[in-house]
Amino acid sequence: MASFFIGWSGPLPLAVVVEAGIMVELPRDVSASNALLGRITANIEEAVQLAVAQEDSVATKGCSFHFAFIGDEDTNAVPCAGCGAWITDPRKMDAIGTLAQGERDRNGDLVCSQCILGSGDSGVT
């Protein structure tokens, strides 16, 4: 089982908000996109209710949703310069916490950690 408190010092927090992100490719039709997002949010709500029902210590009566529309120029999400995976720039205030955090390589390109490790480029800035 994974330890979520490696290196933790001090008292344990009273609670934690668990976030998960999934990327959904949307159809180009607004009606179809709305229908797809409706089905997905219903499925997620059902999964959250199942988790709540199985754990006595989970104190929530539901879940909330935030949609970060990728491709909108105001959204902090860009393809990795190395592999094309979607990443976010953690140095900006609007970083998307559920996307992989990018790092700047020696050329100033935003890349994912896998591309940094794979390239052997230790010149992360």
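With the first letter of the sequence shown counted as 1, position 69 gets the number 962 in this note's numbering; the numbers rise by one all the way through. Each residue gets a CB set at the ideal place from its N, CA and C atoms; glycine is no exception.
Let's test the definition: count the other Cβ atoms within 10 Å of the Cβ of Leu1003 and tell me whether it reaches 16, buried, or not, exposed. buried
Reducing DSSP to helix, strand and coil, say where Arg984 ends up. coil
Can you grab the Cα-Cα spacing for the pair Leu992 / His959, in whole Å? 13 Å
CB Asp998 to CB Ile989, shorter than 8 Å? no
I need the straight-line Cα distance from Gly931 to Glu918, nearest angstrom please. 14 Å
Classify Glu939 as helix, strand or coil using the three-state DSSP reduction. helix
Shortest alpha-carbon distance to Leu907 belongs to which of Gly1001, Ala928, Ser950, Thr981? Ser950
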